[in-house]
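*Asks:* Before anything else, here's the structure in question.
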Amino acid sequence: MPSNKPVGGHDDSFTTFFSDTGAGKYVPRAIFVDLEPTVIEPLLHPWSVIGNAPEKMGQALCICSRSAITIDNKRYYFIQKLEEGGFSYVDLVEGAHDGHFYALKRILCHDREGRTEAQTEVEMHCLFNHPNILSLTAHTFMERSGKCEAWLLLPYISKGSLWSVLEKLRDKGSSMPESRILHILHGISEGLKAIHDKGYAHRDLKPTNVLLDENDRPLLMDLGSMNKARIEIRGSREAMTVQDWAAQRCTISYRAPELFNVESHCIIDERTDIWSLGCVLYCMMMLEGPYDLIFQKGDSVALAVQNPVSIPQSCSYSQGLQTLLSSTMVTNPQERPRISWVLDQVQNLRDSNSTDVDTNRV
């Protein structure tokens, strides 16, 4: 029989440098689920939907009315699978109470550390209420036979990620107008500023972790790699711990140089995000990341990031935008700007760019 006992809650066993969030009081409580993971698993994807768009509401309800969950006393029906990764799945669900679509992210927690990391991601979402950071509608932890899944209910953004938009432009042989780049870059930077102002860093900023809504408003997502912005390294053991963590949690082709070979006595701060932001800007300009090809060929990204970023001579964007790109991708983190400076430069470029933002191209 389904249990109405609330699950989840704040885990106070955060002992590592990236787990001390202090946000437990913000975590929603009294979240219930009416199906165990082993019961619902065979029901999750017994159908297929052609294309990326969900079917009409009535048709969707007809297909999956027997596969549902209840969170915060609200019922959600499974529609279709959206994404699948190594340790997580994302499904499209529909709220029976409002007819709105949501993204249900299910994180497989194989051990205590995995649960702690999922709890951290929940708490990071709950720390922010910002138009450029994806909100968390509800969450719960499902436990049975020693296994655990974290379920995060998130708004569904039908347009998809920034990366999917860039892929479509590349397939069409098109490019992104500078005005649109600046519009998106400004929103990403506003989201980063909100994170940095609270003393945290995102640590895994990349085009696939930026969603775009119907108005081209960017929303930062996948907050599972976030941790305290300032990390003081005291000795080789701590340096290796941070380096190993970065290798697992920070995407290699968007990872800041100081995270590849962490010095034994140094301070890692939020300017790792500024480097990643520069890589995202490069990707919007060139439709591929600055180190994507190097990684794909099997060459050393760690070696490549030690050199200044190379901007192709064929680049048609303004000198101001190219200068901003070079400024964000400085190898020495102490010479890299803070997010407030980046925002000022982006706004100056927007003011000097008279072209209207075209949000309907892709």
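Note that full-length UniProt numbering numbers the sequence shown so that position 12 is 12, with each residue one more than the last. Just so you know, even glycine gets a beta-carbon here, dropped at the ideal spot from N, CA and C. Predicted model, so just to flag it, every value in this text is computed and none were measured.
1. Indicate the three-state DSSP secondary structure (helix, strand or coil) for residue 138 in the structure shown.
2. How close, in whole Å, do the beta carbons of residue 342 and residue 328 come, if the pair is a contact with beta carbons under 8 Å?
3. Which whole-angstrom value describes the C-beta separation of residue 380 and residue 349, a residue pair presumed to lie in contact below a C-beta threshold of 8 Å?
4. Find out if the Cβ-Cβ distance for the pair residue 185, residue 339 is shorter than 7 Å.
5. Using the Cα positions of residue 172 and residue 292, report the straight-line distance between them to the nearest angstrom.
6. Contact check, residue 251 vs residue 204 under 8 Å by CB: the rounded distance?
7. In the DSSP output, which residue or residues are listed as bridge partners for residue 219?
8. Quick one: what's got a C-beta closer than 7 Å to residue 232's C-beta in the same chain, skipping five residues either side?
9. Buried or exposed: where does residue 83 fall if 16 or more other Cβ atoms within 10 Å of its Cβ makes it buried?
10. Assuming contact is defined by CB atoms lying nearer than 7 Å, are residue 153 and residue 79 in contact in what I supplied?
11. Which residue wins for smallest C-alpha separation from residue 95, given the options 155, 123, 146, 112?
12. Since residue 150 sits in a beta bridge, which residues does DSSP pair it with?
13. Thinking C-alpha only, which one of 187, 256, 236 is nearest residue 344?
14. Looking only at DSSP bridge pairs, what is residue 133 linked to?
15. Per the contact definition of three or more C-beta pairs closer than 8 Å, is the stretch 164 to 180 in contact with the stretch 242 to 250?
16. Pull up the distance between the alpha-carbon of residue 353 and that of residue 322, whole angstroms please.
*Replies:* This is what the structure gives:
1. DSSP places residue 138 in strand when its eight states are reduced to three.
2. Yes, they are in contact, since the Cβ atoms of residue 342 and residue 328 sit about 7 Å apart, within 8 Å.
3. For residue 380 there is no data in the structure shown, the boundaries of the chain being 1 and 362.
4. No. Outside cutoff.
5. Looking at the two C-alpha atoms, the distance is approximately 20 Å.
6. Separation of the CB atoms of residue 251 and residue 204 is rounded to 6 Å, and the pair is thereby assigned contact status at 8 Å.
7. Paired residue(s): 211.
8. So the list reads 267, once near-sequence residues are dropped.
9. So residue 83 counts as exposed.
10. Going by beta carbons, residue 153 and residue 79 fall outside the 7 Å limit.
11. Closest in C-alpha terms to residue 95, from the list 155, 123, 146, 112, comes 155.
12. Under DSSP, residue 150 forms a beta bridge with 107, 141.
13. Scanning 187, 256, 236 for the CA closest to the CA of residue 344 turns up 187.
14. BP columns for residue 133 point to 220.
15. Judged by Cβ distances under 8 Å, the stretch 242 to 250 makes no contact with the stretch 164 to 180, as fewer than three pairs qualify.
16. Per the coordinates, the alpha-carbon of residue 353 lies some 14 Å from the alpha-carbon of residue 322.
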